[in-house]
DNA sequence: ATCGCTTTTGCCAACGATGGCAAGGGTTTC
DNA sequence: GAAACCCTTGCCATCGTTGGCAAAAGCGAT
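Chains as they are written, first to last, in our numbering: chain A, 504 to 838; chain B, 504 to 838.
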């Protein structure tokens, strides 16, 4: 490893002078600067980040914690968004996956502290509530796709209600009046919020809520689409069947497609379908391509970094803020 | 930030003694150790990783570079695998996404050097060849899902040929003798290798290669499944149609499913289908669930770390080694 | 040549940790 | 009772960098 000392020796100047060149300080003769620069170039010298941190106290590091790795690895987008924003600001991202194990989580946070991270981003795979207590008070922390039980930390979450409303209104706008909703049964922000959005949209159009049109699928990942298939089939066999169906996510839309086809109906002519999540690999590939609501993961990651950097406020009126991100509609061909 | 100095002061001992306690050195009286430990606990003190590195020269950091973010974000598994293995060995992962921009790549590598990473892992989203020149010679580097043009760096790649053979033999084992292959048209290791595997499998069973059974789809991501749909339709309309179809990836299998259904045939009774990639969100959800070959991304990430740590050899007979990872078959219901 | 001013440069201390060495104190051995 | 030993502890230098301060050098004006 070449050090600043070696550069100084070769350039025939003191260490201090090299440091000045390195940091673009004034008061260095042009010729000297030139000479130092060429030695730096020649030796391919780069100052040690650790040593620099020691002196300046600026670690330039941001810790990124994730809980489990889910099937919907699309939340990877959060990481990419954060990484990109961090990079643009000269910060580096440390990645730690905790597998949702509280012990690992605690150790991970300690490791982050060891490295004097300037902030921590904690992102979950599913939108959910988490315990606040685990986070150190002395490091700025942003929650992404989750929020603290006591709202004591700033957070960024998707607007589930708005997304549900948007999906439903899309169907309403196209003239559908009987609209089915295949939801999942969990008591989590996503199913709860999307259902609320569904109700709001109906209310906006003056359509009474009909609980027979809302079905709940049990959670296990395997067979999610199959359960949806059954739901949609029974929905279509009603005496007054829906002409539009809103599916909790794109995987489930896959099951809905099968059910519609099985019923010898066409999408979107006979039955329109809207999904949620915009899993491109799925939504863009199935036939016809699925109109769906997108979870703005990339932007959420980006925003988290901006908050840590102080570009966006983290606290308003003494309260940690929660940003509720709009979920845009991705129009394809299923409506 | 509490420092070792503060701990020493409060415990009424010298810095050196605290350091000894921290590093489990002998020659510390039990009572003293106890006292120091309790102060550490009380102050919630953790030694600075940067300062420690300065003295010991052990950064414990590993840089992880990725090129672009592809639609198949499943390669995220590589990162998780690496992260987990790193964590188990007390190492930390730095994540940098370069967007496949050579300039960013160069700067990213420099940043890694600034932080004195002990090694670099470079992972690409698609299996491909890359230029070697960009990597510094003085930092151990492992390529994942790619390999250097001049083979000058150790690498880990999936066994495309073996995977293609496995997929094809799965169909052969189930009695299929006319087997179609929908490939993509690019001259890349994946399509080339899988085709070679397809040929080998046929040869093993003494079946002549029939080029009319192999179709090539142009690459654009949008409409991949649709193009496959057309291919498979024409395959099924042949006078001597295939009873088994091997699709280059799972997205394309989606198109194949549609074509088979359109032809009023059943999967797997009339036509069996095998995919590639094991994109769970897709393969496990479609009906019937897709039998497919898995890309062992997680294991590849893990192995990369093991190589960097010296648990697995990086060089044999003076040559950087290339690990060709077996791609296992995931049996579901489409064969 | 001297003075004063500005520019350029270098010395030294610091950041927070670790390791070599030696000093202090207690115990054992002759 | 003194020498030899071991256990425990502390002092100091060090890692690679930056910043405060002061010294040196250059330069124009007297």
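In this text, a Cβ means the ideal position worked out from N, Cα and C, and glycines have one as well. On a predicted model such as this, the values are computed, not experimentally measured, just so you know.
*Nearest candidate by alpha-carbon position, reference residue 625 of chain B, set B:618, B:619, B:617, B:637*: For the residues B:618, B:619, B:617, B:637, the minimum Cα distance to residue 625 of chain B belongs to B:637.
*asked:* What would DSSP say about residue 601 of chain A, mapped onto helix, strand or coil?
replied: coil
*Any chance the region 650 to 663 of chain B sits against the region 626 to 635 of chain B, with 3 or more Cβ pairs inside 8 Å?*
Using a Cβ-Cβ distance cut-off of 8 Å, the region 650 to 663 of chain B and the region 626 to 635 of chain B are in contact, since at least three pairs of beta carbons, one from each stretch, lie closer than that value.
_Element boundaries [alpha helix (DSSP H), containing residue 803 of chain A]_ = 800 to 811
*Count the CB pairs spanning the region 792 to 805 of chain A and the region 818 to 825 of chain B that are closer than 8 Å, and state whether there are at least three.*
no
*Would you mind working out which of A:541, A:521, A:568, A:584 sits nearest residue 801 of chain A, comparing C-alpha positions?*
Between residue 801 of chain A and the set A:541, A:521, A:568, A:584, the nearest pair of CA atoms involves A:584.
*Can you tell which of B:605, B:588, B:811, B:728 has its C-alpha closest to the C-alpha of residue 922 of chain A?*
The shown model of chain A, from 504 to 838, leaves out residue 922 of chain A, and the question about it has no answer.
*Three-state class that DSSP yields for residue 847 of chain B in the structure shown*: With chain B covering 504 to 838 only, the question about residue 847 of chain B has no answer from this structure.
*Does the beta-carbon of residue 818 of chain A have 16 or more other beta-carbons within 10 angstroms, so that it is buried, or is it exposed?*
exposed
*First through last residue of the beta strand (DSSP E) which encompasses residue 626 of chain A*: 622 to 633
*Flag residue 554 of chain A as yes if its beta-carbon sits less than 8 Å from any beta-carbon of chain B, otherwise no.*
Interface with chain B (8 Å Cβ-Cβ cutoff): residue 554 of chain A is included.
_Below 8 Å on the Cβ atoms is my contact criterion, and I expect residue 697 of chain B with residue 666 of chain B to pass it. Report the Cβ-Cβ distance as a whole number of Å._
6 Å
*Answer with yes or no whether the minimum CB distance from residue 549 of chain B to chain A is below 8 Å.*
yes
*Taking only beta-carbon atoms, is residue 600 of chain B less than 8 Å away from chain A?*
Among the CB atoms of chain A, one or more fall inside 8 Å of the CB of residue 600 of chain B.
*How would you call residue 707 of chain B, buried or exposed, if buried means at least 16 neighbouring beta carbons within 10 angstroms?*
exposed
_For chain B, check one thing: does any of its Cβ atoms lie closer than 8 Å to the Cβ of residue 597 of chain A?_
yes
*Do residue 665 of chain B and the ligand FMN come close, with the Cβ less than 7 Å from some heavy atom?*
As for the ligand FMN, it is missing from this structure, which has no ligand bound.
_Please state whether the Cβ-Cβ distance between residue 513 of chain B and residue 531 of chain B is less than 8 Å._
Not in contact: residue 513 of chain B and residue 531 of chain B (Cβ atoms no closer than 8 Å).
_Under 8 Å between C-beta atoms of residue 810 of chain A and residue 645 of chain A_ = yes
*Which same chain residues, not among the five before or five after residue 569 of chain B, have their C-beta less than 6 Å away from its C-beta?*
600, 626
_Rounded distance between the beta-carbons of residue 618 of chain B and residue 551 of chain B, thought under 8 Å_ = Not confirmed; about 14 Å, so no contact.
*Tell me whether residue 545 of chain A is buried or exposed, calling it buried when 16 or more other Cβ atoms sit within 10 Å of its Cβ.*
In summary, residue 545 of chain A is exposed, with fewer than 16 beta-carbon neighbours lying within 10 Å of its beta-carbon over all protein chains present.
*In or out: residue 614 of chain A buried (at least 16 other Cβ within 10 Å) or exposed?*
Residue 614 of chain A should be labelled buried.
*Assess, as a yes-or-no matter, whether the region 773 to 786 of chain A is touched by the region 707 to 720 of chain A under the definition of 3 or more beta carbon pairs within less than 8 Å.*
In this structure the region 707 to 720 of chain A does not touch the region 773 to 786 of chain A; the number of beta carbon pairs closer than 8 Å is below three.
*With a cut-off of 8 Å on the beta carbons, I'd call residue 735 of chain B and residue 763 of chain B a contact; round off their distance for me.*
7 Å
_Residue span of the beta strand (DSSP E) that contains residue 781 of chain B, given as start and end_ = Residue 781 of chain B -> no beta strand (DSSP E), and no H or E assigned at all.
_My parser needs the beta strand (DSSP E) runs of 3 or more residues fully inside the region 546 to 597 of chain B; what are they?_
564 to 569
*Any beta-carbon of chain A closer than 8 Å to the one on residue 608 of chain B?*
Using beta-carbon distances, residue 608 of chain B does not count as an interface residue toward chain A, since no partner is under 8 Å.
*Is there a Cβ from chain A that is less than 8 Å from the Cβ of residue 613 of chain B?*
yes
*Members of the region 717 to 739 of chain A that neighbour chain B once the beta carbon cut-off is set at 8 Å*: 724, 725, 727, 728, 729, 732
*Are any of the Cβ atoms in chain A nearer than 8 Å to that of residue 579 of chain B?*
yes
*Taking just the CA atoms, how far does residue 757 of chain B sit from residue 748 of chain B?*
So the alpha carbons of these two residues sit roughly 12 Å apart.
*Please check if any C-beta of chain A sits within less than 8 Å of the C-beta of residue 675 of chain B.*
For residue 675 of chain B, the answer is no, since every Cβ of chain A falls outside 8 Å of its Cβ.
*Under 9 Å Cβ-Cβ, which residues of chain B neighbour residue 543 of chain A?*
Chain B residues near residue 543 of chain A: none, gap ~12 Å exceeds 9 Å.
*Along chain A, in chain order, which residues have C-beta atoms closer than 8 Å to that of residue 616 of chain B?*
549
_Counterpart residues of residue 795 of chain B in DSSP-defined beta bridges_ = In DSSP, residue 795 of chain B forms a bridge with B:778, B:833.
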